[in-house]
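This report concerns only the one structure given below.
2 protein chains.
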Amino acid sequence: MKSHLRAALLLSPLLAIGAAPPRAATPGEVVALAPAEAWATVPAADLLVLDLDTGQRVVIALAPAFAPVHIANIKLLTRSGWFDGITINRVQDNYVTQWGDVTENKAMPAGIVANPPPEYERSSAGLAFRPMGYRDAYAAQTGHAGGWTVASDGRLAWLTHCYGMVGVGRNLAPDTGTGAELYAVIGHGPRHLDRNIALVGRVLSGMDALAALPRGTEALGVYREGAARPAIRIARLVADMPAADRPGYEVMRSDAPSFRQWLAARADRKDDFFIRPAGAIDICNAMPPVRPVKR
Amino acid sequence: MKSHLRAALLLSPLLAIGAAPPRAATPGEVVALAPAEAWATVPAADLLVLDLDTGQRVVIALAPAFAPVHIANIKLLTRSGWFDGITINRVQDNYVTQWGDVTENKAMPAGIVANPPPEYERSSAGLAFRPMGYRDAYAAQTGHAGGWTVASDGRLAWLTHCYGMVGVGRNLAPDTGTGAELYAVIGHGPRHLDRNIALVGRVLSGMDALAALPRGTEALGVYREGAARPAIRIARLVADMPAADRPGYEVMRSDAPSFRQWLAARADRKDDFFIRPAGAIDICNAMPPVRPVKR
C-alpha cells in the first residue's frame with residue numbers, strides 16, 4: 412500500500428483501508444463522533460483574540476479558575492487598548508514566543524494590580540480533577556479539570572507548561588508579572604516552569620502565527636534591534652466584539668465519556684499504523700480536543 | 412529589579428545580580444565550563460548537511476548504532492544526489508516537518524535496501540546506557556547513551572521521539588520506509604511513535620529552517636498543491652565535503668562528569684529565578700548539549 416507522502420505516519424483513516432476488519436476507534440474518530448454534550452463552550456469573556464498586523468489571528472482561552480488576578484489584569488489591559496501595538500520581541504526555538512512592551516514605559520491603565528499574588532498553584536478542592544493514572548516525571552499526578560491539563564500533588568493543583576500554553580513573563584520573585592508580558596510555549600513542554608510562573612491560558616487557534624515565526628538571533632531568542640517584529644493590531648475579548656464577528660470555540664469536557672474514550676484511544680493506539688501502542692500518555696500529548704463553534 | 416523583556420523568564424545569569432551570594436552552577440554555566448574531554452566529535456561520515464534553497468542549512472547527526480540499515484540507505488541516497496531537489500511537503504504544527512519525493516516516482520539508486528528491517532529498538536547490551544532515574548510515562552527507564560536520548564525496558568533500548576529528532580516516514584507495516592522520506596519533530600515529543608518508526612538522527616543545527624516554516628493547510632499539515640515548498644538544494648555528508656568547508660559539531664558525552672552535573676542542574680534548577688525546582692526532568696528536556704567545533 413502506497414500512501415501519498417506516507418501520510419500513514421500520523422493517521423490511518425486517510426488511507427484507503429479497503430476491507431479492513433472492525434477495529435477500535437481512532438482518537439480522531441472519537442472526536443468526530445462525540446455528542447454535543449461532550450463539549451463545553453469557552454465563555455466569551457474568557458476568550459482573548461489577538462489580531463496581528465500580519466493578518467493572522469490568535470485566540471487564547473483564559474483560565475480564571477487558576478490565575479484570577481493575573482487574568483483580571485489581562486482583561487483590563489485588553490479593554491483599555493494597552494495591548495494594541497504591542498510587539499512580539501522574542502522567539503526562542505523549542506521554548507517560547509513572547510510579547511510585551513519593548514519600550515518598558517507604556518503607562519499601565521488605572522486599576523492594574525501591580526504585584527499579583529503567586530498564582531502558580533491552587534487548592535485541588537472544588538476542581539473536579541481527574542487523574543489519568545500514568546507516570547509523570549514532574550508530578551505525582553497528571554490529568555484534567557474543566558478542559559485544562561493539570562498536575563497535582565493531591566492537595567494542590569496547577570496548570571502544566573505544554574505546547575500552546577500561555578504564561579506570564581516575570582522578573583525575579585516576589586514579582587509575579589502583571590500579565591502585560593506574555594509568552595506561549597512553542598516547543599517540548601518546559602514542565603520545569605510549572606509552579607514557577609503563572610499560566611493563564613491556552614492558544615486554541617492560530618498557533619502557527621506564534622510558532623512559525625523566525626527565531627530571534629540574540630540571547631534567549633530575543634529579536635535583534637531593528638528586526639521586523641509582528642505587532643498586535645488589536646486585542647479584544649470576544650465578549651466585547653460585535654455579535655456577528657464573534658469567534659467561538661468548544662473544548663471537550665474533562666468529565667465526558669467521549670473524553671475518557673479519546674484519552675484511552677490516544678494512549679493505546681490501535682489503528683493500522685501502530686505496531687506497539689504505548690499503553691500510556693504524557694499530559695502534554697493529552698491536550699483536550701478543541702473545535703470552532705459551528706454557526 | 413527590572414529586566415529588559417523579562418529575560419529572567421529563562422536564565423538569571425543575564426540579569427545584573429549585584430552582590431548575589433554564591434550558588435550552584437546553572438546548566439548554562441556547566442556547559443560553558445565543561446572540559447574538552449567532556450565532548451565527543453560527531454564523525455564526519457555521520458553528519459548529514461542539507462543546504463536548502465532558502466539559503467538555510469540543516470545539520471543532522473545520524474545514529475548508526477540504532478538504525479544501521481536505514482542510515483546506510485540515507486548515506487547512499489545522499490551520495491547519489493537523490494535528495495537534491497527533494498522538497499518539504501508537510502509541516503504539521505506541534506508535530507513534524509517532513510520531506511521526500513512528492514512525485515513518488517524518483518528512481519532509487521542501485522544498492523538501496525527497499526525493505527529495511529524494523530530498526531525500532533535494539534539490544535541494550537553494549538550500549539553503555541545510563542538511566543536518569545526519573546519517572547517516564549512511556550518507558551520503564553529513560554536516559555542517555557553515546558550522546559543520544561534513550562528509553563529502555565531493561566532488555567531493549569530505543570531512541571526517543573523528542574524535539575529535533577529525525578525519523579523515517581513509512582507506510583503500514585511491514586514496510587519500514589527506506590529513509591528517502593524523513594521527518595523532524597517540531598513540537599512536544601510524540602513519544603507514542605517510539606518503537607513504531609525508525610529514528611535515525613537528531614538535528615544539531617538549523618532547526619529554525621524546519622520549525623519556523625508555514626504550516627501546511629491540508630490534512631496532516633500537507634502543503635496545498637501549488638504552495639511554495641522549500642527544497643533541498645544539495646545534501647551532503649560532511650565526510651564528502653572539501654576539508655575547508657566542513658562544519659563540525661560536538662555533543663556532550665553521556666559518561667562525562669559534566670553531563671551528570673548538567674543533568675542535575677537542569678533537574679534541580681537553583682538559579683535565582685526558580686522558586687520551586689522540579690527535582691526531576693523529562694527525557695525530551697534532557698537533550699545532550701551540542702556545540703560547533705571551534706576552528
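These protein sequences, in sequence, are chains E and W. Letter 208 of the first sequence, counting from 1, is numbered 619 in the numbering used here, and no numbers are missing. Letter 143 of the second sequence, counting from 1, is numbered 554 in the numbering used here, and no numbers are missing. All C-beta atoms, glycine included, are put in the ideal place defined by N, C-alpha and C. These figures come from a predicted structure and were not determined experimentally.
Quiz item: Along the region 611-633 of chain E, what residues have a CB closer than 8 Å to any CB found in chain W?
Solution: 618, 619, 622, 623, 624, 625, 626, 630, 631, 633
Self-check item: Strand pairing of residue 661 of chain W, partner residues [DSSP]
Solution: Start at 1 with the first residue of the second sequence, and residue 661 of chain W comes out as number 250. Looking at the DSSP assignment, residue 661 of chain W forms a beta bridge with W:452, W:702.
Quiz prompt | Spatial distance of residue 555 of chain E from residue 542 of chain E (CA atoms) | solution = Counted from its first residue, the first sequence places residue 555 of chain E at position 144. Counted from its first residue, the first sequence places residue 542 of chain E at position 131. Using only the alpha carbons, I get a separation of about 6 Å.
Quiz item: On the three-pair Cβ rule with 8 Å, is the region 450-468 of chain W touching the region 651-669 of chain W?
Solution: yes
Quiz item: Applying the criterion that 16 or more other CB atoms from any shown protein chain within 10 Å of the CB defines a buried residue, is residue 705 of chain W buried or exposed?
Solution: For the purposes of this step, residue 705 of chain W is identified with residue 294 of the second sequence, where counting begins at 1. Per the 10 Å Cβ criterion, exposed.
Quiz item: Cα separation between residue 503 of chain W and residue 632 of chain W?
Solution: What you label residue 503 of chain W is simply residue 92 of the second sequence in a count that begins at 1. What you label residue 632 of chain W is simply residue 221 of the second sequence in a count that begins at 1. Taking the Cα positions, residue 503 of chain W is about 4 Å away from residue 632 of chain W.
Quiz item: At which residues does the beta strand (DSSP E) containing residue 616 of chain W begin and terminate?
Solution: Your numbering for residue 616 of chain W matches position 205 in the second sequence. 610-616 is the extent of the beta strand (DSSP E) around residue 616 of chain W.
Practice problem: Output, in sequence order along the chain, the residues in the region 684-696 of chain W whose CB is closer than 7 Å to any CB in chain E. | Solution: 684, 685, 686, 687, 689, 691, 692, 693, 695, 696
Quiz item: With respect to the beta strand (DSSP E) encompassing residue 624 of chain W, which residues constitute its N-terminal and C-terminal limits?
Solution: Taking the first residue of the second sequence as 1, we reach residue 624 of chain W at position 213. Taken as a continuous stretch (DSSP letters only), residue 624 of chain W belongs to no beta strand (DSSP E), as it is neither H nor E.
Quiz item: Looking only at C-alpha atoms, which of E:485, E:468, E:497 sits nearest to residue 639 of chain E?
Solution: Taking the first residue of the first sequence as 1, we reach residue 639 of chain E at position 228. Taking residue 639 of chain E as reference, the option from E:485, E:468, E:497 with the minimal CA-CA separation is E:497.
Quiz item: In this structure, does DSSP put residue 692 of chain W in helix, strand or coil?
Solution: Taking the second sequence and counting its residues from 1, the one referred to as residue 692 of chain W is at position 281. It is coil, neither helix nor strand.
Exercise. Using only alpha-carbon positions, find the residue among W:679, W:580, W:545, W:447 that is nearest to residue 526 of chain W.
Key: Position 115 of the second sequence holds residue 526 of chain W. Of W:679, W:580, W:545, W:447, the residue nearest in Cα terms is W:580.
Quiz item: When you compare only the Cα positions, how much space is there between residue 658 of chain W and residue 475 of chain E?
Solution: Here residue 658 of chain W corresponds to residue number 247 of the second sequence, with the count starting at 1. Here residue 475 of chain E corresponds to residue number 64 of the first sequence, with the count starting at 1. Going by the C-alpha atoms only, they are around 49 Å apart.
Quiz item: If you pair each beta-carbon of the region 640-656 of chain E with each one of the region 529-537 of chain E, do three or more pairs fall below 8 Å?
Solution: no
Self-check item: As assigned by DSSP and simplified to three states, the class of residue 493 of chain W
Solution: One-based indexing of the second sequence puts residue 493 of chain W at position 82. Correct three-state label for residue 493 of chain W: coil.
Quiz item: Can you name the residues of chain W whose CB is closer than 8 Å to the CB of residue 601 of chain E?
Solution: The residue given as residue 601 of chain E occupies position 190 in the first sequence. Simply 696.
Self-check item: Closest residue to residue 702 of chain W among W:489, W:485, W:558 (Cα-Cα distance)
Solution: Against the second sequence, residue 702 of chain W aligns to sequence position 291. Closest by alpha carbon: W:558.
Quiz item: What are the uninterrupted segments assigned as beta strand (DSSP E) that are 3 or more residues long and contained completely in the region 454-539 of chain W, given in chain order?
Solution: 458-463, 468-473, 498-502, 507-511
Quiz item: So what does DSSP say about residue 550 of chain W, is it helix, strand or coil?
Solution: Position 139 of the second sequence, counted from the start, is the residue given in the question as residue 550 of chain W. DSSP places residue 550 of chain W in coil when its eight states are reduced to three.
Quiz item: Residues in its own chain within less than 7 Å of residue 415 of chain E by CB, not counting five upstream and five downstream?
Solution: In the first sequence, counting from the first residue as 1, residue 415 of chain E sits at position 4. In this prediction, residue 415 of chain E scores a pLDDT of 36, lower than 50, which makes its location untrustworthy; the coordinate-derived value is nonetheless stated afterwards. None.
Exercise. Enumerate in chain order the residues of its own chain whose CB-to-CB distance from residue 532 of chain E is below 6 Å, with the five nearest sequence positions on each side excluded.
Key: Working through the first sequence from its first residue, we reach residue 532 of chain E at position 121. Taken in chain order, the residues that qualify are 567, 569, 606.
Quiz item: Near residue 520 of chain W, what residues of its chain come up, given a Cβ to Cβ distance below 7 Å and the 5 sequence neighbours on each side ignored?
Solution: On the second sequence, residue 520 of chain W is found 109 positions in, with the first residue counted as 1. Result list for residue 520 of chain W: 487, 488, 491, 493, in chain order.
Quiz item: With a cut-off of 9 Å, does the C-beta of residue 656 of chain W fall near any C-beta of chain E?
Solution: Working through the second sequence from its first residue, we reach residue 656 of chain W at position 245. No, its Cβ sits nowhere closer than 9 Å to a Cβ of chain E.
Quiz item: Along chain W, which residues have their Cβ under 8 Å away from the Cβ of residue 607 of chain E?
Solution: If you number the first sequence from 1, residue 607 of chain E lands on position 196. The contacting residues are 684, 685, 686, 687.
Quiz prompt | Contact under 9 Å by Cβ, residue 459 of chain E with residue 473 of chain E | solution = Residue 459 of chain E sits at position 48 when you count from the first residue of the first sequence. Residue 473 of chain E sits at position 62 when you count from the first residue of the first sequence. Contact: yes.
Quiz prompt | As assigned by DSSP and simplified to three states, the class of residue 648 of chain W | solution = Here residue 648 of chain W corresponds to residue number 237 of the second sequence, with the count starting at 1. DSSP places residue 648 of chain W within a strand segment (E or B) once states are collapsed to three.
Quiz item: To which residues does DSSP link residue 577 of chain W through a beta bridge?
Solution: For the purposes of this step, residue 577 of chain W is taken as the residue at position 166 of the second sequence. Residue 577 of chain W pairs with W:595, W:612.
Exercise. Measure the C-alpha to C-alpha separation of residue 683 of chain W and residue 651 of chain W and round it to an integer number of angstroms.
Key: Here residue 683 of chain W is taken as the residue at index 272 of the second sequence, counted from 1. Here residue 651 of chain W is taken as the residue at index 240 of the second sequence, counted from 1. Each residue's alpha carbon lies about 47 Å from the other.
Quiz prompt | chain W contacts made by the region 656-670 of chain E, where a contact means CB separation under 7 Å | solution = Residues of the region 656-670 of chain E whose Cβ lies closer than 7 Å to any Cβ of chain W: none.
Exercise. Would you identify the three-state DSSP class for residue 671 of chain W, choosing helix, strand or coil?
Key: Along the second sequence, read from residue 1 onward, the residue named residue 671 of chain W stands at position 260. Residue state, collapsed to three classes: helix.
Quiz item: If you drop the 5 nearest sequence neighbours on each side, which residues of the same chain put their C-beta closer than 6 Å to that of residue 435 of chain E?
Solution: As a working mapping, residue 435 of chain E is identified with position 24 in the first sequence. Result list for residue 435 of chain E: 681, in chain order.
Self-check item: Neighbourhood of residue 432 of chain E by C-beta, 8 Å cutoff - its chain only, sequence neighbours within 5 removed
Solution: As a first step, residue 432 of chain E must be located in the first sequence, where it is residue number 21. Here residue 432 of chain E scores only 47 on pLDDT, less than 50, and its place in the model is too uncertain to base an answer on.
Quiz prompt | For residue 511 of chain E and residue 591 of chain E, believed in contact at Cβ under 8 Å, the rounded distance | solution = Within the first sequence, the letter at position 180 stands for residue 591 of chain E. Within the first sequence, the letter at position 100 stands for residue 511 of chain E. About 6 Å separates the two Cβ atoms, so the contact holds.
Quiz prompt | residue 462 of chain E to residue 469 of chain E span [Cα, whole Å] | solution = Position 51 of the first sequence, counting from 1, holds the residue named residue 462 of chain E. Position 58 of the first sequence, counting from 1, holds the residue named residue 469 of chain E. Going from the Cα of residue 462 of chain E to the Cα of residue 469 of chain E covers about 6 Å.
Quiz item: Which residue comes first and which comes last in the beta strand (DSSP E) that contains residue 443 of chain E?
Solution: The count along the first sequence starts at 1 and reaches residue 443 of chain E at position 32. That residue, residue 443 of chain E, is in no beta strand (DSSP E); its alpha helix (DSSP H) goes 438-444.
Self-check item: Any chain E beta carbon closer than 9 Å to residue 651 of chain W
Solution: Indexing the second sequence from 1 puts residue 651 of chain W at position 240. It does not; no Cβ of chain E falls within 9 Å.
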